[in-house]
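Visitor:
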């Protein structure tokens, strides 16, 4: 039995569907096969079945392709649940074959595919990483085309198999007129596609056709077919094909088949044509009519369904469910429009009776960008919900053209908690993969990505520090973070092992993961060793509690090494899928109860079944080889495009307009209805032969599908239908038009005189806090902003006032002189830190490449580290990750040694000494406290040292404080310093001081330091410039010069913050009277010797 039921919406179809579902077959435990067009429809059915019957079970929801082949296989006593020749199988096999035969094809200039591969893989010397993605993309496009041919033009594929020498005219009898060059292009496309199909898929196609023919034969002759389901339900397909109807009719002869159709009208569809088409085809048949303009324009898919039913003589068998009619005077604008569409009448009843003045059933809102659309929608939803206590959050559906690229904006305005602008509106995005699934997949596949892509510390640390990765390996994230910091300190930049850097760094392995990890492991095992295996310097800052994290890193290192070997051996695709599943089930078993884990497992299962279904038809595809990166990318794409649950309850639903198609809600809001976004623009398809063939009933056309989605949204809205679009682009402030179907709706309403009664097209201000006449109740947040804007604007206040409330008795503890110097050198940071304001420096992007050359200007810290290590004669320095890689590092090492010797000779010549003064950490009693600092270890009259720093105010000042403390300790002496400048060193001498004088100066500096928490200090660069240049009479000039140049290092942001709303010159010179005598004394007691 084959039964067709039709209604104008799902609400009228559901009672008939539930009645049929309630009529159980003899076996009450038998499953009911239900074919659905989308997951949203499946969830809708499941929800309503449970709501009406109390329980929903033993129902299996499938898409058409999966269901068709499952039943065919059951009848053949096979187990394949996936359709052979699926897009996935074709894509993978096509790429694998082209990849394996590319060299052979390129070598034969007469080969059919030679021109194509020369184009795709040119230049031939390019590396695989650059050329293979083009081959992969081409294979994917061809797979899509072959799938379309299989569904819409199977006769073409059979012709290719039965007539190997056929031409384009053999499959397309009437070709459109086209230029010669374009005809030659399509001839070439035809030849390439025919060759690929005959070489790769003809055998599978033949086996597939044999099984289908066997299926039809058994349906017609066998009396007992226990493998078939007792009944089959097909609920609301958005489109039909000739093959589908033929299959359902044949299957209905043996089983119970129900087809439910939800079309916008129960009227006669087949002669309805687009009014534009009718005007441009004046010689068309006279019986064609446009009917309702919106239905004929947007309902081409529904018209094709009617015409297909007519071609199969099924129109008389359709049972119509007719909705009750209501009094026009009691209907809203939307209800009148829906009634006109159901009647397919071009005579409008929109203004047949007066409309309610405040009718908002149809509203079109023009806004400034997507964010403004969503903010305004929130306000409108609050007003709508408060107007009727029977309205609920679950009555609202928000649809957009697509979600992937805008989901962050949506989640910001409609967070899960519901609170954004003072109103609470809980909402949930549906039909889109949750970020947890993407994160878990990145954690699972990350180790394979690392093994097959250029290896650097940025990608490695980004993966290994993922929470999911740490959980999988049983290590705390803080422990892993510490160990990763140690990896960086040990010199890891990029490269897995030495071979990865042979061409760029002369085999220098100091910056690879392997070398850095060996340094850490040897430091754990041999903490006292200086060298291991001749060239590995153990890291000595390893603790015993680092062992667990190091063991995990060693395990990861071994796994990556194994994967790299397997990748070089051209391992088959099926092996990698098995490896991914084993890794998912073993290493990531902790996530097995999560929806993300189950979604990835389901995706891997489906991909494996698709390949196995294809392999069963042709043994040539059993050893399918694909490079691992393409397998990972493909699975990631499949995850991102999967249809997921789309029917939450109790909250606002947000989804893609195509995925949520035809679902009935009281209010449907179409957001992002911009001309550039909907319908999607279809790129020119010069490789698609369908574009030059005459259209057939059931052909898929994306524009028709999206216009059908809009028609369903308009007809399924229970009481309100709103559209939001960008009327003015917030970036360039240019006006924009709404989406074409929205504009046509506006034109239709205007042409029928609705604008004389209602103001349904609204243009809004760019900001939510601007008042508008038709916004009666802005959200609480915007009300506060409006109130604030009405107040008089106050003057800009200082960021922080100075006060005397911070008192710290530093004398009660031992103080580090180096910390005192840092606080005095960076007064802005010290002041903010005292006020408990975050002083963290913005993270700077870490280098990915190891240093091949050394730039002292851009990396002063690294230059200081190298110079300091060379000054201290550090053993095995050449094995540490300081010097540049390869020959450049060796050359720089020799050059710096020469400079140090020259600097040492110059200093010793000036001082008459023969060695540097050795230093030791000492604690000196001073006033009421103690100060610790690195001071001469022995009693000397001259303190002589080479400095790795360059001459600057900061380096001079820090050395001056140490010199004062040394004079306090020893009673005085001379201080000789040699600074490492760019070309040559410079020697400075601090003049001898008496102990009392040094103590007085140091006390004065400590007095300033003790008040830095409460009173903002002065930049020492300004004080030095004034003192050295003797600009005491015009210190403002020094301040101006300092402000106009780049403020030093990380102090810049702090000073900009503190100087806001202040007189900069006045604030910076406020304490000059305290600094002036101290700097004057400093300038008088320092002299440049050489």
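Numbering (this note's numbering), first residue to last: 38 to 1127. All residues carry an ideal CB built from backbone N, CA and C; glycine is no exception.
May I ask you to report which of helix, strand or coil DSSP gives residue 361?
Guide: As a first step, residue 361 must be located in the chain shown, where it is residue number 324. Coil at residue 361, not helix or strand.
Visitor: Count the other CB atoms, across all protein chains shown, that sit within 10 Å of the CB of residue 156; report buried if there are 16 or more and exposed otherwise.
Guide: Taking the first residue of the chain shown as 1, we reach residue 156 at position 119. Exposed.
Visitor: Residue range of the beta strand (DSSP E) that residue 192 falls in?
Guide: By one-based count along the chain shown, residue 192 stands at place 155. Not the beta strand (DSSP E): residue 192 falls in the alpha helix (DSSP H), residues 191-199.
Visitor: Assuming residue 339 and residue 301 make a contact with CB atoms under 8 Å, what is their CB distance in whole Å?
Guide: As a first step, residue 339 must be located in the chain shown, where it is residue number 302. As a first step, residue 301 must be located in the chain shown, where it is residue number 264. That pair is a contact at about 6 Å.
Visitor: Would residue 583 pass as a contact of residue 520 if the rule is Cβ separation under 7 Å?
Guide: Locating residue 583 in the chain shown gives position 546, where the first residue counts as 1. Locating residue 520 in the chain shown gives position 483, where the first residue counts as 1. Taking 7 Å as the Cβ cut-off, residue 583 and residue 520 qualify as a contacting pair.
Visitor: Near residue 68, what residues of its chain come up, given a Cβ to Cβ distance below 8 Å and the 5 sequence neighbours on each side ignored?
Guide: Within the chain shown, residue 68 is the residue found at index 31, counting from 1. Only 95, 96, 97 and 266 meet the Cβ criterion.
Visitor: In the DSSP output, which residue or residues are listed as bridge partners for residue 1016?
Guide: Position 979 of the chain shown, counting from 1, holds the residue named residue 1016. BP columns for residue 1016 point to 984 and 1023.
Visitor: What three-state label does DSSP hand residue 967 in the structure shown?
Guide: Position 930 of the chain shown, counted from the start, is the residue given in the question as residue 967. Looking at residue 967 - three-state DSSP - the assignment turns out to be strand.
Visitor: Answer yes or no: do residue 741 and residue 337 have a C-beta to C-beta separation smaller than 7 Å?
Guide: Indexing the chain shown from 1 puts residue 741 at position 704. Indexing the chain shown from 1 puts residue 337 at position 300. Cβ atoms of residue 741 and residue 337: closer than 7 Å.
Visitor: Check each candidate in 1003, 175 and 946 and name the one with the smallest Cα separation from residue 1031.
Guide: To locate residue 1031, count along the chain shown from 1; it is residue 994. The shortest Cα separation from residue 1031 among 1003, 175 and 946 belongs to 1003.
Visitor: Can you name, in chain order, every residue of its own chain whose Cβ lies under 8 Å from the Cβ of residue 722, other than the five neighbours on each side?
Guide: Stepping through the chain shown from its first residue, residue 722 is reached at position 685. The answer, listed in chain order, is 728.
Visitor: How long is the line joining the alpha carbons of residue 846 and residue 576, rounded to whole angstroms?
Guide: Position 809 of the chain shown, counted from the first residue, corresponds to residue 846. Position 539 of the chain shown, counted from the first residue, corresponds to residue 576. With a pLDDT of 45 at residue 846, under the threshold of 50, the predicted position of this residue should be treated as unreliable, and no value is reported.
Visitor: To the nearest angstrom, how far is it from the Cα of residue 1051 to the Cα of residue 1038?
Guide: In the chain shown, counting from the first residue as 1, residue 1051 sits at position 1014. In the chain shown, counting from the first residue as 1, residue 1038 sits at position 1001. If I take the Cα positions, the gap works out to 22 Å.
Visitor: Given a threshold of 16 other Cβ atoms within 10 Å of its Cβ, counted over all protein chains shown, does residue 200 qualify as buried or as exposed?
Guide: As a first step, residue 200 is located in the chain shown; it is residue number 163 there, counting from the start. Exposed is the call here.
Visitor: Leaving out five residues on either side along the sequence, give the residues of the same chain with a beta carbon under 8 Å from the beta carbon of residue 189.
Guide: In the chain shown, counting from the first residue as 1, residue 189 sits at position 152. Counting only Cβ-Cβ distances below 8 Å, and skipping sequence neighbours, we find 278, 727, 733, 735, 736 and 737.
Visitor: Less than 7 Å between the beta carbons of residue 1060 and residue 1000, yes or no?
Guide: The residue given as residue 1060 occupies position 1023 in the chain shown. The residue given as residue 1000 occupies position 963 in the chain shown. Result no, Cβ atoms of residue 1060 and residue 1000 do not sit closer than 7 Å.
Visitor: Which residues share a DSSP beta bridge with residue 425?
Guide: As a working mapping, residue 425 is identified with position 388 in the chain shown. Answer by DSSP bridge pairing: none, since residue 425 is not bridged.
Visitor: Do you know offhand how far residue 964's Cα is from residue 818's?
Guide: As a position in the chain shown, residue 964 is number 927, starting the count at 1. As a position in the chain shown, residue 818 is number 781, starting the count at 1. Taking the straight line joining both Cα atoms gives about 57 Å.
Visitor: Excluding the five sequence neighbours on either side, which residues of its own chain have a C-beta within less than 6 Å of the C-beta of residue 460, listed in chain order?
Guide: Working through the chain shown from its first residue, we reach residue 460 at position 423. 419 and 816.
Visitor: Among 484, 803, 981 and 497, whose alpha-carbon lies nearest the alpha-carbon of residue 955?
Guide: Reading the chain shown from its first residue, position 918 is the one you call residue 955. Checking every option, the nearest Cα to that of residue 955 belongs to 981.
Visitor: Out of curiosity, what's the CA-to-CA distance linking residue 220 and residue 719?
Guide: By one-based count along the chain shown, residue 220 stands at place 183. By one-based count along the chain shown, residue 719 stands at place 682. Each residue's Cα considered, the two are about 22 Å apart.
Visitor: Report back the beta-carbon spacing between residue 1106 and residue 1072 to the nearest angstrom; my notes put them in contact at under 8 Å.
Guide: Position 1069 of the chain shown, counted from the start, is the residue given in the question as residue 1106. Position 1035 of the chain shown, counted from the start, is the residue given in the question as residue 1072. Rounded, the Cβ-Cβ distance is 6 Å, consistent with contact.
Visitor: Can you tell me the Cβ-Cβ gap for residue 198 and residue 243, rounded? I've got them flagged as a contact below 8 Å.
Guide: Reading the chain shown from its first residue, position 161 is the one you call residue 198. Reading the chain shown from its first residue, position 206 is the one you call residue 243. Yes, they are in contact, since the Cβ atoms of residue 198 and residue 243 sit about 7 Å apart, within 8 Å.
Visitor: Alpha carbon to alpha carbon, how far is residue 1047 from residue 959? Give it in angstroms, no decimals.
Guide: Taking the chain shown and counting its residues from 1, the one referred to as residue 959 is at position 922. Taking the chain shown and counting its residues from 1, the one referred to as residue 1047 is at position 1010. Cα to Cα, residue 959 sits roughly 22 Å from residue 1047.
Visitor: Can you give me the C-alpha to C-alpha distance between residue 374 and residue 89, rounded to a whole angstrom?
Guide: For this step, residue 374 is matched to residue 337 along the chain shown. For this step, residue 89 is matched to residue 52 along the chain shown. Their Cα atoms are separated by approximately 30 Å.
Visitor: If you draw a straight line from the alpha carbon of residue 603 to that of residue 564, how long is it in whole angstroms?
Guide: In the chain shown, residue 603 corresponds to position 566, counting from 1. In the chain shown, residue 564 corresponds to position 527, counting from 1. Roughly 36 Å separates the two Cα atoms.
Visitor: Indicate the three-state DSSP secondary structure (helix, strand or coil) for residue 1159 in the structure shown.
Guide: The structure shown does not extend to residue 1159, since the chain is modelled only from 38 through 1127, so no value can be given for it.
Visitor: Rounded to a whole number of angstroms, what is the C-alpha to C-alpha distance between residue 783 and residue 631?
Guide: Residue numbering aside, residue 783 sits at position 746 when the chain shown is read from its first letter. Residue numbering aside, residue 631 sits at position 594 when the chain shown is read from its first letter. Cα to Cα, residue 783 sits roughly 46 Å from residue 631.
Visitor: Can you confirm whether the region 488-502 touches the region 529-537 when touching is taken to mean that 3 or more C-beta pairs between the two stretches lie within less than 8 Å?
Guide: With a cut-off of 8 Å, the region 488-502 and the region 529-537 count as touching, because enough Cβ pairs lie within range.
Visitor: Whole angstroms are fine: how far does the CA of residue 1012 sit from the CA of residue 952?
Guide: Your numbering for residue 952 matches position 915 in the chain shown. Your numbering for residue 1012 matches position 975 in the chain shown. Computed Cα separation, rounded: 14 Å.
Visitor: Could you say which of 239, 92 and 1017 lies nearest to residue 936 if we only look at CA atoms?
Guide: Numbered from 1 along the chain shown, position 899 holds the residue referred to as residue 936. Residue 1017 is the option with its Cα nearest to residue 936.
Visitor: With the cut-off set at 7 Å, would you say residue 854 and residue 974 are in Cβ contact?
Guide: Stepping through the chain shown from its first residue, residue 854 is reached at position 817. Stepping through the chain shown from its first residue, residue 974 is reached at position 937. Taking 7 Å as the Cβ cut-off, residue 854 and residue 974 do not qualify as a contacting pair.
Visitor: Determine, using beta carbons only, whether residue 968 and residue 977 come nearer to each other than 7 Å.
Guide: Sequence index remark: in the chain shown, residue 968 carries index 931 (1-based). Sequence index remark: in the chain shown, residue 977 carries index 940 (1-based). It is not a contact, given that the beta carbons lie outside the stated cut-off.
Visitor: By DSSP, does residue 918 sit in helix, in strand, or in coil?
Guide: As a working note, residue 918 is residue 881 in the chain shown. Residue 918: coil per DSSP, three-state reduction.
Visitor: For residue 92, is the classification buried or exposed, using 16 other Cβ atoms within 10 angstroms of its Cβ as the cut-off for buried?
Guide: The residue given as residue 92 occupies position 55 in the chain shown. Exposed is the call here.
Visitor: Span of the beta strand (DSSP E) holding residue 515?
Guide: As a working mapping, residue 515 is identified with position 478 in the chain shown. Run containing residue 515: none in the beta strand (DSSP E); it sits in the alpha helix (DSSP H), 514-526.
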